[in-house]
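S.K.: Chains as they are written, first to last, in the UniProt record's numbering: chain A, 1 to 340; chain B, 1 to 340.
There are 2 protein chains.
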Amino acid sequence: MSITMHDVARLAGVSIKTVSNVVNDYPHIRPETRDRVNSAIDELGYRPNLIARGLRSGRTGVISLIIPDLRNAYFAELADVVMRAADAQGLSVIIEQSGADRDREIGLLGGERKQKVDGILYSALALGEDDAHILNDVTTPLVLLGERIFHGPTDHVTMQNTEGARAATAHLIALGRTRIAVVGAHRGEVIGSAGLRLAGYREALADAGIAYDDELVGEVGGWYRSGGAQAMRLLLDSGAKFDGLVAFNDSMALGAMRVMQEAGLRIPDDVAVIGYDDIDETRYTLPTLSTIDPGKEEIAEVAVRFLLERIGNPGAVIEPREHLAAYRVVVRESSTLPQN
Amino acid sequence: MSITMHDVARLAGVSIKTVSNVVNDYPHIRPETRDRVNSAIDELGYRPNLIARGLRSGRTGVISLIIPDLRNAYFAELADVVMRAADAQGLSVIIEQSGADRDREIGLLGGERKQKVDGILYSALALGEDDAHILNDVTTPLVLLGERIFHGPTDHVTMQNTEGARAATAHLIALGRTRIAVVGAHRGEVIGSAGLRLAGYREALADAGIAYDDELVGEVGGWYRSGGAQAMRLLLDSGAKFDGLVAFNDSMALGAMRVMQEAGLRIPDDVAVIGYDDIDETRYTLPTLSTIDPGKEEIAEVAVRFLLERIGNPGAVIEPREHLAAYRVVVRESSTLPQN
DNA sequence: CTGAAAGCGCTAACAC
DNA sequence: GTGTTAGCGCTTTCAG
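1. Using a Cβ-Cβ cut-off of 6 Å (strictly less than) and excluding sequence neighbours within five positions of Arg-225(B), which residues of its own chain qualify?
2. I'd like the list of long-range same chain contacts for Ala-208(A), defined as Cβ closer than 7 Å, with 5 residues on each side in sequence excluded.
3. Starting from Val-93(B), find everything on chain A with Cβ-Cβ shorter than 9 Å and list it in chain order.
4. Please state whether the Cβ-Cβ distance between Arg-71(B) and Glu-281(A) is less than 7 Å.
5. Going by beta-carbon coordinates alone, are Ile-66(B) and Glu-96(B) separated by less than 7 Å?
6. Output, in chain order, the set of chain A residues within a Cβ distance shorter than 9 Å of Leu-286(B).
7. What are the boundary residues of the beta strand (DSSP E) that Ala-303(A) is part of?
8. Can you tell me which residues form a DSSP beta bridge with Leu-144(A)?
9. In whole angstroms, give me the CA-to-CA distance for Leu-307(A) and Arg-30(B).
10. Any idea if Ser-334(A) is buried or exposed, counting beta-carbon neighbours within 10 angstroms, 16 or more meaning buried?
11. Just to confirm, are Ala-100(A) and Leu-125(A) a CB contact at a threshold of 7 Å?
12. Here's the rule: buried if 16 or more other CB atoms are within 10 angstroms of the residue's CB, otherwise exposed. What is Val-190(B)?
13. Kindly give me the distance between the Cβ atoms of Glu-215(B) and His-186(B), rounded to whole angstroms, as I take these residues to be in contact under 8 Å.
14. Considering only C-alpha positions, which residue in the set Ala-300(A), Leu-175(A), Ile-94(A) and Pro-48(A) is nearest to Thr-4(A)?
15. Ignore the nearest five residues each way along the sequence and tell me which others in Arg-34(B)'s own chain have a CB closer than 8 Å to its CB.
16. Please report the distance separating the alpha-carbon of Gln-89(A) from that of Phe-75(B).
17. For the structure I just gave you, are there three or more beta carbon pairs, one from the segment 308 to 319 of chain B and one from the segment 257 to 277 of chain B, closer than 8 Å?
18. Give me the residue from Tyr-276(A), Pro-320(A), Tyr-46(A) and Gln-115(A) with the minimum Cα distance to Thr-332(A).
19. Just list the residues that DSSP pairs residue 357(B) with in beta bridges.
20. Per DSSP, what kind of secondary structure is His-323(B) in: helix, strand or coil?
21. Who are the near neighbours of Gly-111(A) in its chain, counting only those whose CB is closer than 8 Å to its CB and skipping five residues on each side?
22. Is Glu-301(A) close to chain B, meaning its C-beta is less than 7 Å from at least one C-beta of that chain?
23. Closer than 7 Å, Cβ to any Cβ of chain A: which residues of the UniProt domain "HTH lacI-type" (3 to 57) of chain B, in chain order?
24. Got a sec, what are the start and stop residues for the alpha helix (DSSP H) Glu-105(A) sits in?
25. Return the CA-CA distance between Ile-274(B) and Met-232(B), expressed in angstroms with no decimal places.
26. Rounded to the nearest angstrom, what separates Gly-221(B) and Ser-193(B) at their Cα positions?
27. Could you confirm whether any beta carbon from chain B is found closer than 7 Å to the beta carbon of Glu-77(A)?
28. Would you say Glu-112(A) lies against chain B (beta-carbon separation less than 7 Å)?
29. Using beta carbons (cut-off 7 Å, strictly below), is Lys-296(B) in contact with chain A?
30. Using the beta-carbon count (16 or more within 10 Å), is Ile-318(B) buried or exposed?
31. Kindly list the residues whose CB is nearer than 8 Å to the CB of Asn-340(A), restricted to its own chain and excluding five residues on each side of it in sequence; keep chain order.
32. Using a Cβ cut-off of 7 Å (strictly closer), state whether Arg-225(B) contacts chain A.
33. Val-331(A) touches chain B at which residues, Cβ-Cβ below 9 Å?
34. In angstroms, rounded to a whole number, what distance separates the CA positions of Ile-94(A) and Val-93(B)?
35. Taking Leu-142(B) as the reference, give the member of Gly-227(B), Asn-136(B), Ile-120(B) and Asp-130(B) with the closest Cα.
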């Protein structure tokens, strides 16, 4: 029913192989032959069948991106940049949501669906160090996004959590703030984002000779707006005094800011605030939110590149690489000193 | 290199056809044979090659979802529900972003990539009535999401824009508000979301015998938070008095609320506010935002079903169908009457 | 109920 | 430079 290479070959009076050569830009073809084939292609409206090509070549031109949840602005934006980076390389992206559920995160890696893709960008949240062995069984090229919870056999592209949080905190300190609260800690966590960012916060305090005060550290279950709001309410109720706030992501920062504004605190005058992630929304709030740009574009671009390198060298044993994206302190109104 | 049906057949001592029958749950197989094949499958760890199957059957088990932009919370949430609905049917979803760019919207429909999918869910923003003919050339099963700008040959699943906006306005009127402002209008637009929702607003006013006042209608370029904020600033500067606000989407409502709060207006006491879309965020703001739930889940579920019906009946001429999802007024704090 | 064989449309040796 | 041929792994007539 659809037009095949045979049809083109017949019309052009050449063999199917020649058609294939033309379609694939094989270099050594007589220009005259090439033209004849091309006009036959145009005349028939021939389009190569990508599935057949995939069967033959073992490539599909599709990669998958496994993330917890698109409803989370950070992951939606990550997906956005990954799709742009993939698009630039001629790849399509299948997105799969794990819901941050461990079983699903594992299931997605093992399922049959991964056959349909050349490689996987994998952002796991619920998997822990103990699950690292799971990655060994995956033969599909894989690049890990997010925390380095694993020391597995895969490439890993991530952000500088500790350094970013340290810079955020140092920024507030440079503003003259000394009582700096935190929202988003997970007690006892060391290796996840919360643990790494808390470490950065502590480092910055230490650098400035400011004592760490446990009372100023607000714990949060989920890193959502509501969590930030709730943690801030507790902080305010506790009577603790503070003039700065580092939120471990932007959503929590926004939730906390709301609560502070309701309580009559002025931002940044009374409390200077900085978040993390640089989600779009931070540009539109009142006041606009200072934040750490974790380098999402770079993460996406490098991850896709790593993946393509592995896809392109199937047999090759490439030493697992790690890439840390450059972060950037983005100063907006929430941490800009009042004019006077 | 990978295990094929031949390997299984050899081990089980049957023909490749029998293996195929077992794998595809073909009914008439002797249980004994089936068991033998199944244990061979288990022993070898055989997994059917989906690409090869796709080549043969013409199906890939993948659909694509074309949307303007994942950064927009509405589309991120739409993508989320579409992926869940597709997942429930065993389908994977490739997401493609058009950036609301007309050329790209058209290009995505014509490109080679669509070969890799069985069907397309298409949410176009920049395409107009004049572009309807483009859909005629698309042979891939297609379901339109969003405004009915086209009267093309395809199924169409959308929300009840006019009715939803009317219900939103009526809700504020029922609260006793009579000076109801609008944010999100597009002057002169009739057929897009802005035009349809404005029509609903006017209908509700007319129903209540309230005169339409052009001064209360705020225009906005893009339906983002910043647009809502800006429109509200203009409205306040104009000196117009109002006690209610209908925003044509939630993002704009949030932007406008911020500006009102800065200006010292209390919500809902001074101004009752309602948005549109029921994005997640509306549950976490202060106050929480009343809104219209446009029935995203239903839209996704029906759209996937329509698409599957077309995919499943390749030759069949199915009369283009239209489905309007049920909407729902979601009352939250921003439009809840004060206790006294 | 099961086997043999013919492709789906393409790519890649290997000839000529 | 170009043609021939053999599959990629699977489904699907058609026999038996």
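Note that beta-carbon positions come from the ideal geometry of N, C-alpha and C, so glycine has one too. Note that the coordinates shown come from a computational prediction; the quantities given were computed from them, not determined experimentally.
M.R.: According to the structure shown:
1. Setting aside the 5 residues that flank it on each side, Arg-225(B) is surrounded in the same chain by Ser-251, Leu-254 and Gly-255, each with a C-beta closer than 6 Å to its C-beta; the list follows chain order.
2. Here the set comprises Ile-173.
3. The answer, in chain order, is Ile-94, Ile-95 and Glu-96.
4. Arg-71(B) is not a Cβ neighbour of Glu-281(A), given a cutoff of 7 Å.
5. In this structure, Glu-96(B) lies closer than 7 Å to Ile-66(B) by Cβ.
6. The contacting residues are Ala-229, Gly-255, Arg-258, Val-259, Gln-261 and Glu-262.
7. Where Ala-303(A) is concerned, there is no enclosing beta strand (DSSP E), although the alpha helix (DSSP H) it sits in stretches over 296 to 312.
8. Leu-144(A) pairs with Tyr-122(A) and His-156(A).
9. Straight-line Cα distance between these residues: approximately 45 Å.
10. Residue burial is scored here from C-beta neighbours: Ser-334(A) has at least 16 other C-beta atoms within 10 angstroms and is therefore classed as buried.
11. Leu-125(A) is positioned such that its CB atom lies closer than 7 Å to that of Ala-100(A).
12. With fewer than 16 other Cβ atoms within 10 Å, it is exposed.
13. Contact flag wrong, Cβ pair sits at about 17 Å.
14. Checked all of Ala-300(A), Leu-175(A), Ile-94(A) and Pro-48(A); the closest Cα to Thr-4(A) is Pro-48(A).
15. The residues are Val-22.
16. Between Gln-89(A) and Phe-75(B), the C-alpha separation is close to 24 Å.
17. Counting Cβ pairs under 8 Å, fewer than three are found: no touch.
18. In the sequence under discussion, the amino acid at residue 332(A) is Arg, which differs from the Thr named in the question. Out of Tyr-276(A), Pro-320(A), Tyr-46(A) and Gln-115(A), Tyr-276(A) has the C-alpha closest to the C-alpha of Arg-332(A).
19. Chain B is shown only over 1 to 340; residue 357(B) falls outside these bounds and no answer can be derived.
20. Residue state for His-323(B) is assigned as strand, using DSSP reduced to three classes.
21. In the same chain as Gly-111(A), and ignoring 5 residues on each side of it, no C-beta atom comes closer than 8 Å to its own.
22. Closer than 7 Å: no.
23. Result list: Arg-47, Asn-49, Leu-50, Ile-51, Ala-52, Gly-54 and Leu-55.
24. Where Glu-105(A) is concerned, the enclosing alpha helix (DSSP H) stretches over 102 to 110.
25. Cα atoms of Ile-274(B) and Met-232(B): separation of roughly 14 Å, rounded to the nearest angstrom.
26. Taking the straight line joining both Cα atoms gives about 13 Å.
27. Taking Cβ atoms only, chain B reaches closer than 7 Å to Glu-77(A), which makes this a yes.
28. Chain B places a beta carbon closer than 7 Å to that of Glu-112(A), counting this residue as a contact.
29. By this cut-off, Lys-296(B) is not an interface position.
30. Label assigned to Ile-318(B): exposed.
31. Because Asn-340(A) carries a pLDDT of 48, less than 50, the predicted location of this residue cannot be relied on, and the following value inherits that uncertainty. Excluding sequence neighbours, Asn-340(A) sits near nothing in its chain.
32. Yes, Arg-225(B) lies at the interface with chain A (some Cβ there is under 7 Å from its Cβ).
33. For Val-331(A), there are no neighbours in chain B by C-beta distance under 9 Å, as the nearest C-beta there is about 19 Å away.
34. Taking the straight line joining both Cα atoms gives about 6 Å.
35. Closest in alpha carbon position to Leu-142(B), among Gly-227(B), Asn-136(B), Ile-120(B) and Asp-130(B), is Ile-120(B).
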